[in-house]
Amino acid sequence: MTTLATLLDTPGIKLPELTDHLESLPHKYRVIQATELNKRQQTTLWDVAANSGHKLDMNYVVPEDAQPLEFFPFEGKNSLPMFTRFQKVFYRLPDGSYGGYNNQALAWFTGPGYYVAGMSGQNPDEIEVDYLRVPDQKPSGWPAIVPNEGFYGLVYGGTKDYLRWVSKDVVIGRATKGGVEPMPNWFVLCR
């Protein structure tokens, strides 16, 4: 059976083939296949998605007609050796800016990982997830907003993530130190 993982193991694979495959799947299987990718496959997906010609914008993560503080989760899997599953959740603030946090099992240890999101200054086709800044508001019932410093800075401190378009429901991301130095950490998100 052809899966996203087997396609990413195919030499010379191109983004349109991956996009067509993902968009042909029922949503349940799109999530399953996106979140089963290993580090090597996520790295390949990041490279294949470069300069795709598909521009991400903030309406991709939060629909234009969404109410302030209405949230939109993406199922995620990162390339770390353990504790790889999470949700990256986005929302629009009343002032029109964007924020979010990481919903994951170790939040009690790592902190909620709040961030401010916006269009990348480095690549106009990418979204930047900036852990150096945190939003000033959050949806009701969410964990308290805390800076990604001190103890909570072990995971999120000093980092910015960048997201690239893969399909209508899937993006690939990569972590950097301060938006400058690429880290050996990737993650895939599926709406």
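According to the numbering used here, the sequence shown holds residues 654 to 844 in order. C-beta: ideal position from N, C-alpha, C; glycine also.
Worksheet item: With distances taken from CA atoms, which of E689, V808, P796, E834 is nearest R738?
Response: Within the sequence shown, the letter at position 85 stands for residue 738. Taking only the C-alpha atoms, the option nearest R738 is E689.
Worksheet item: Thinking C-alpha only, which one of G832, V715, F736 is nearest A758?
Response: Counting from 1 along the sequence shown, the entry for residue 758 is found at position 105. Taking only the C-alpha atoms, the option nearest A758 is F736.
Practice prompt. Take the Cβ of F727 as the centre, count every other Cβ of all protein chains shown within 10 Å, and call the residue buried at 16 or more, exposed below.
Written response: The residue you call residue 727 lines up with position 74 of the sequence shown. The residue in question, F727, is buried, as its Cβ has 16 or more Cβ neighbours within 10 Å.
Worksheet item: How far does the alpha helix (DSSP H) with G806 in it reach, from first residue to last?
Response: Start at 1 with the first residue of the sequence shown, and residue 806 comes out as number 153. G806 -> alpha helix (DSSP H) spans 806-809.
Discussion item. DSSP three-state label for P816, please.
Written reply: Stepping through the sequence shown from its first residue, residue 816 is reached at position 163. The displayed chain sequence assigns Leu, not Pro, to residue 816. Strand at L816.
Fill in: Stretch pair the region 707-719 + the region 788-795: three plus CB contacts closer than 8 Å
no
Discussion item. Does S793 pass the burial test, meaning 16 or more other C-beta atoms within 10 Å, or should it be called exposed?
Written reply: As a working note, residue 793 is residue 140 in the sequence shown. Exposed, by the Cβ-count rule.
Discussion item. Are the CB atoms of A797 and V782 within a distance shorter than 8 Å?
Written reply: Translated into positions along the sequence shown, residue 782 becomes position 129. Translated into positions along the sequence shown, residue 797 becomes position 144. For V782 and A797, no; Cβs fall outside 8 Å.
Fill in: One or two residues paired with Y768 in a DSSP bridge
Here residue 768 refers to the residue found at position 115 of the sequence shown. DSSP lists G753 as partners of Y768.
Worksheet item: Does the pairing of the region 667-680 with the region 700-709 give three or more beta-carbon distances under 8 Å?
Response: yes
Discussion item. So if DSSP puts G729 in a beta bridge, which residue, or which two residues, is it bridged to?
Written reply: By one-based count along the sequence shown, residue 729 stands at place 76. F739, L842.
Item to complete: Decide if F804 is buried, meaning its Cβ has at least 16 other Cβ atoms within 10 Å, or exposed.
Response: For the purposes of this step, residue 804 is identified with residue 151 of the sequence shown, where counting begins at 1. Exposed, since its Cβ has fewer than 16 Cβ neighbours within 10 Å.
Worksheet item: Tell me which same chain residues have a C-beta within less than 8 Å of the C-beta of S732, skipping the five on either side of it?
Response: Residue numbering aside, residue 732 sits at position 79 when the sequence shown is read from its first letter. Excluding sequence neighbours, S732 sits near N691, K692, Q695, T696, P837, N838, W839, F840.
Worksheet item: For the alpha helix (DSSP H) that contains D673, what are its first and last residues?
Response: In the sequence shown, the residue the question calls residue 673 occupies position 20. Per DSSP, D673 belongs to the alpha helix (DSSP H) from 668-677.
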